[in-house]
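Undergrad:
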Amino acid sequence: MNPEFEKNVVKTEIFHKDYNLDKKNNLETLPQKPAVFGIFSIIHDTPVHPRYVGAADDLQKAVKDVFENPGSEGLKKFMQGAWIQMLCYELIEGSGAEELKKKEEEWTKKYEPQVTEEGEYPEYKYVWPGDQKKD
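The opening residue of the sequence shown carries number 7 in this note's numbering; numbering runs sequentially from there.
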């Protein structure tokens, strides 16, 4: 199933200048504020197949760190490879570490981030718009 997000969740493609052929970079445009976030693949401008979920006091720094210091070989291949990544995030201003952790756990349970050693998502879950059942 395609992920569904609350209205206040921002969705944007992200680029690190060292990991794309066009040397695009928009990480400096990300807020330097507390947030919960997920890094997804993209199909038809829709975030799908989450590879990573996290929470941080500084979103910009945390996303840059996922690009530069991914926690596994599969995540490294996804972040530093040919895929286009979509960042989905929710700012959680005025929150403490406990609230950020709780929100991260909620997102992890809801979106089930996974990545194989090849950088792929282990199970294809995208539902094509034409295939969705009508009530």
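Glycine included, each C-beta is placed from N, C-alpha and C at the ideal position. None of these values were measured; they are calculated from a predicted model.
Using beta-carbon positions only, say whether LYS39 and LEU97 come within less than 8 angstroms of one another.
TA: Yes; because the gap between Cβ atoms is below 8 angstroms, this pair is in contact.
Undergrad: Using 8 angstroms as the Cβ pair cut-off and three pairs as the minimum, do the region 112–122 and the region 23–39 touch?
TA: No, because fewer than three Cβ pairs between the region 112–122 and the region 23–39 fall closer than 8 angstroms, the two stretches do not touch.
Undergrad: From the DSSP output, in three-state form, read off GLN120 for me.
TA: If DSSP states are grouped into helix, strand and coil, GLN120 belongs with coil.
Undergrad: Would you check if the region 76–96 and the region 19–32 touch, i.e. whether three or more CB-CB distances between them fall below 8 angstroms?
TA: Touching, yes, given that three or more Cβ pairs across the two stretches are closer than 8 angstroms.
Undergrad: Look at the alpha carbon of VAL54 and the alpha carbon of PHE46, and state the distance between them as a whole number of angstroms.
TA: About 6 angstroms.
Undergrad: Let's test the definition: count the other Cβ atoms within 10 Å of the Cβ of LEU112 and tell me whether it reaches 16, buried, or not, exposed.
TA: Looking at the sequence itself, residue 112 is Glu, so the reference to Leu does not match. With fewer than 16 Cβ atoms within 10 Å of its Cβ, GLU112 is classed as exposed.
Undergrad: Where DSSP assigns a beta bridge to GLU19, which residues make up the other side?
TA: MET92, per the DSSP bridge assignment.
Undergrad: Where does LEU97 fall in DSSP's three states?
TA: In the structure shown, LEU97 sits in a strand (DSSP, three-state: E or B).
Undergrad: Give me the Cα-Cα distance between ARG57 and GLY80, rounded to the nearest whole angstrom.
TA: About 9 angstroms.
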